[in-house]
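Novice: Have a look at this one.
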Amino acid sequence: MYDASLDLSGTDMNRELWALYSELTNCLYAMQAQSCSVSEVLAIVKKIQDLQPERREGYL
Numbered sequence: 012m013y014d015a016s017l018d019l020s021g022t023d024m025n026r027e028l029w030a031l032y033s034e035l036t037n038c039l040y041a042m043q044a045q046s047c048s049v050s051e052v053l054a055i056v057k058k059i060q061d062l063q064p065e066r067r068e069g070y071l
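One point on numbering: in our numbering, the residue at position 3 of the sequence shown is 14, and numbering is uninterrupted.
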């Protein structure tokens, strides 16, 4: 699992984005053990999209 606390990217937005990617990665791993639902994954993806609206088009 990825630990977002190791990220040294600098800006608050980057830290928040890395934290969301970490949460998404951990949730995807948890899906294998059926302890994270698809709706939880989609909620995290939505947060990522909302955080970077200028990059949203064409990516997800």
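Beta carbons: idealized from backbone N, C-alpha and C, even for Gly. Everything numeric in this text was worked out from a predicted model, so none of it was measured.
For a test of the three-state rule: what should DSSP assign to Ser48, helix, strand or coil?
Specialist: Residue state, collapsed to three classes: coil.
Novice: Output the boundary residues of the alpha helix (DSSP H) element that contains Gln5.
Specialist: In the structure as shown, the chain begins at 12 and stops at 71. Residue 5 is therefore absent and cannot be evaluated.
Novice: Roughly how many angstroms lie between the CA atoms of Lys57 and Ala44, to the nearest whole one?
Specialist: Roughly 23 Å between the two C-alpha positions.
Novice: For a test of the three-state rule: what should DSSP assign to Gln60, helix, strand or coil?
Specialist: Helix.
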